[in-house]
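What follows is a single structure, written as structure tokens, with notes after it.
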């Protein structure tokens, strides 16, 4: 059965600022009914002291919530590998299976994966616009170049919408064993290419929308496709703070609509 997680992005107010503490976020996500949380780089990073890591681990355990993945925002430098090691250590302490990273250098990513493997942690990179992993074909190509068993891909269908690509079962089947985890948000195409809340990609405009918007991501199709390829991990909601409704109301709306699909 697919489990639902909630990203700290939903309380992110800009930069490293959040509407509440990480401990309170974990408790609030659990209260809403989520089974996991993504901890953002402003909530958890390579300079987070051991005492705080222990407190976070305690909060996860007390609330029966998993850390679906942590973020490692290190540069592709030798110093960046030190940050990878520390984040892999933290991920293991939190029983988090994944570090989410960006892939800008293949050799460096191989080294990062090797370090993460020492801690039994896997590395995921999101299929994302404006990167070498914008398409399924590009993502598979990068995964083949990295060539590490603990390197895999995060499927996020809204980025497929941006790239005008199919996000259904065929795409998931192409990802095969490199489909490691799933993130969710919602976007729909609009005629406008400028203005508040408008995202422009390849000359086309998009905006955020509610989870049941018929012009947005078809989540019933997404979950049916995930089940068809036997995916049973977390699907983590990565919506930002909403400009039109309370963010916890948004989180609970998504949960209410997505839970029956799991």
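Numbering (the working numbering), first residue to last: 145 to 406. For each residue, glycine too, the CB sits at the ideal point set by N, CA and C. Every value quoted in this text rests on a predicted model; they were computed, and no experiment measured them.
> Do you know how far the Cα of residue 308 is from the Cα of residue 181?
Replying inline: Roughly 29 angstroms between the two C-alpha positions.
>> For residue 288, count the other beta carbons within 10 Å of its own beta carbon; 16 or more makes it buried, fewer makes it exposed. Which is it?
In response: Answer is exposed; the Cβ neighbour count stays below 16.
> According to DSSP, is residue 188 helix, strand or coil?
Replying inline: coil
>> Need the endpoints of the beta strand (DSSP E) that residue 244 sits in, please.
In response: 242-244
>> Just verifying my parser: in three-state terms, what is the DSSP assignment at residue 257?
In response: helix
> Using a Cβ-Cβ cut-off of 6 angstroms (strictly less than) and excluding sequence neighbours within five positions of residue 253, which residues of its own chain qualify?
Replying inline: 247 and 290
> Where in the segment 371-395 do unbroken runs of the beta strand (DSSP E), each at least 3 residues long, occur, reported from the N-terminal end onward?
Replying inline: If we require 3 residues or more, the beta strand (DSSP E) runs fully inside the segment 371-395 come out as 378-381.
>> Please list the terminal residues of the continuous alpha helix (DSSP H) segment that includes residue 113.
In response: An answer regarding residue 113 cannot be provided, because it is not within the stretch 145 to 406 covered by the chain.
> Would you say residue 301 and residue 228 are within 8 angstroms of each other, going by their C-beta atoms?
Replying inline: Against a cut-off of 8 angstroms, the Cβ pair of residue 228 and residue 301 comes out as no contact.
> So, is residue 372 buried or exposed, given that buried needs 16 or more other C-beta atoms within 10 angstroms?
Replying inline: exposed
>> For residue 419, report the span of its beta strand (DSSP E) as first-last.
In response: Outside the displayed span of the chain (145 to 406) sits residue 419, for which this structure offers no information.
> Going by the beta-carbon positions, is the gap between residue 203 and residue 237 smaller than 8 angstroms?
Replying inline: no
> Can you give the Cα-Cα distance for residue 155 and residue 161, rounded to whole angstroms?
Replying inline: Their Cα atoms are separated by approximately 9 angstroms.
> Can you name the start and end residues of the alpha helix (DSSP H) that residue 182 belongs to?
Replying inline: Premise fails: residue 182 lies in the beta strand (DSSP E), 180-183, not in any alpha helix (DSSP H).
>> Tell me whether the segment 335-355 and the segment 394-403 touch, counting them as touching only if at least three CB pairs, one residue from each stretch, are closer than 8 angstroms.
In response: yes
> So, helix, strand or coil for residue 398, using DSSP?
Replying inline: helix
> Expressed to the nearest angstrom, what Euclidean distance is found between the alpha-carbon atoms of residue 95 and residue 266?
Replying inline: Absent from the structure is residue 95, since the part of the chain shown begins at 145 and ends at 406.
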